[in-house]
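One structure is given below, encoded as structure tokens.
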Amino acid sequence: MKPFSFLKSILIIISVIFIFVNWKISIAVFLVATIFHVIPRGPNALLSVIAGYLMIGGVVYLFINWKIGVALIICSFGVAKFRNWGNKVNREYYEQEHESMEAQTDEYIDKH
Numbered sequence: 000m001k002p003f004s005f006l007k008s009i010l011i012i013i014s015v016i017f018i019f020v021n022w023k024i025s026i027a028v029f030l031v032a033t034i035f036h037v038i039p040r041g042p043n044a045l046l047s048v049i050a051g052y053l054m055i056g057g058v059v060y061l062f063i064n065w066k067i068g069v070a071l072i073i074c075s076f077g078v079a080k081f082r083n084w085g086n087k088v089n090r091e092y093y094e095q096e097h098e099s100m101e102a103q104t105d106e107y108i109d110k111h
């Protein structure tokens, strides 16, 4: 995790420097740094952050170009739906795994 921490710090410094040169590049570098910050927390947090970025971008783009704004908002709902589906599949898998482990334990106890 040290490389991510180092890279995140460098990207934050670069984004602060680029604020005076080109603010659009600064925002993009800052967003990449926050993605690097979330990667060690796992896919659930990463998908949450991506969905949040898409939603915020969609709301901002509604005032610039409504078609792009609506598309970004729809994409954010899609990412959030995918995240919820993944959580549901994980929960079902581990509940099924737990039940099968209980059955194996009961069989082992009955044999011995």
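Numbering (numbering that gives the first Met the number 0), first residue to last: 0 to 111.
Using N, Cα and C, we set each Cβ at its ideal position, and we do this for glycine too.
**OP:** Count the other C-beta atoms from every protein chain shown that fall within 10 angstroms of the C-beta of Phe19, then say buried if there are 16 or more, exposed otherwise.
**Re:** exposed
**OP:** Within the same chain, show all residues whose beta-carbon is closer than 6 Å to that of Ser14, passing over the 5 residues directly before and after it, in chain order.
**Re:** Once the five neighbours on either side are set aside, the close Cβ partners of Ser14 are Ser25, Val28, Phe29.
Original post:
Which class does Gly41 belong to by DSSP, given the choice of helix, strand or coil?
Top reply: coil
Subject >> Top-ranked residue by Cα proximity to Tyr52, from Trp65, Gly85, Ile73 >> reply: Ile73
Original post:
Would you say Ala44 and Ile11 are within 9 Å of each other, going by their C-beta atoms?
Top reply: no
**OP:** Assign Gly75 to one of two classes, buried (16 or more other C-beta atoms within 10 Å of its C-beta) or exposed (fewer than that).
**Re:** Here residue 75 is Ser; the residue named in the question, Gly, does not match the sequence. So Ser75 ends up on the buried side.
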